[in-house]
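Participant: In the working numbering, the protein residues as written are 1 to 135.
Take this structure, written in structure tokens, and hold onto it; I'll ask about it next.
Okay, structure coming up:
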């Protein structure tokens, strides 16, 4: 398991991209996309020429988006995402260690449609697991 990205919830995608570009020199890895399952607009920012852990910006596009309540509390740093070789195996191992799985394994729109799942650890940390891209 290795760190895949750091998620951050924002209210204005264009402004957030501009802020991260002007302040930290971070550029989007690709254009923002809509994830209809999570009901967010999402983009990954390059933190090291494609070799480092990117920052994922998430903007809710609906009141019932899983991140809408978080944004109402101010937004900001939201979750850590870890890459795993086999997502089903990782889910079972973490469930046995007390993790609460928050839904089914679904394609991650912001990350090449690879399988992903959300969970809370026993210490109440929000974690996203993403299966390693086989391409």
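Just so you know, even glycine gets a beta-carbon here, dropped at the ideal spot from N, CA and C.
Nothing here was measured: the structure is a model prediction, and the numbers come from that model.
State the DSSP-derived secondary structure class of residue 37, mapped to helix, strand or coil.
Facilitator: Residue 37: coil per DSSP, three-state reduction.
Participant: Compare the beta carbon distance of residue 130 and residue 70 with 9 Å and say whether it is the shorter of the two.
Facilitator: Going by C-beta atoms, residue 130 is not nearer than 9 Å to residue 70.
Participant: Ignore the nearest five residues each way along the sequence and tell me which others in residue 67's own chain have a CB closer than 7 Å to its CB.
Facilitator: Here the set comprises 9, 40, 58, 60, 78.
Participant: Measure the beta-carbon distance from residue 90 to residue 120 and round it to whole angstroms, keeping in mind my assumption that it falls under 8 Å.
Facilitator: Residue 90 to residue 120, Cβ: 15 Å. No contact.
Participant: How many Å lie between residue 29 and residue 122 at the Cα?
Facilitator: Their Cα atoms are separated by approximately 33 Å.
Participant: Give me the Cβ distance between residue 53 and residue 127, rounded to the nearest whole Å; I'm assuming they're in contact under 8 Å.
Facilitator: Incorrect: roughly 14 Å between the Cβ atoms, too far for contact.
Participant: In the DSSP assignment, find the unbroken beta strand (DSSP E) run with residue 56 in it and report its ends.
Facilitator: Looking at the DSSP string, the run of the beta strand (DSSP E) that includes residue 56 is 55-60.
Participant: Where does residue 91 fall in DSSP's three states?
Facilitator: DSSP places residue 91 in helix when its eight states are reduced to three.
Participant: Give, in chain order, every unbroken run of the alpha helix (DSSP H) that is at least 4 residues long and sits entirely within the stretch 69-128.
Facilitator: Qualifying alpha helix (DSSP H) stretches, in chain order: 87-96.
Participant: Indicate whether residue 84 and residue 1 have their beta-carbon atoms separated by less than 9 Å.
Facilitator: Yes, the Cβ-Cβ distance between residue 84 and residue 1 is below 9 Å.
Participant: Mark residue 47 as exposed unless 16 or more other C-beta atoms lie within 10 angstroms of its C-beta, in which case mark it buried.
Facilitator: So residue 47 ends up on the buried side.
Participant: Using a Cβ-Cβ cut-off of 8 Å (strictly less than) and excluding sequence neighbours within five positions of residue 132, which residues of its own chain qualify?
Facilitator: Cβ within range, chain order: 83, 84, 85, 114.
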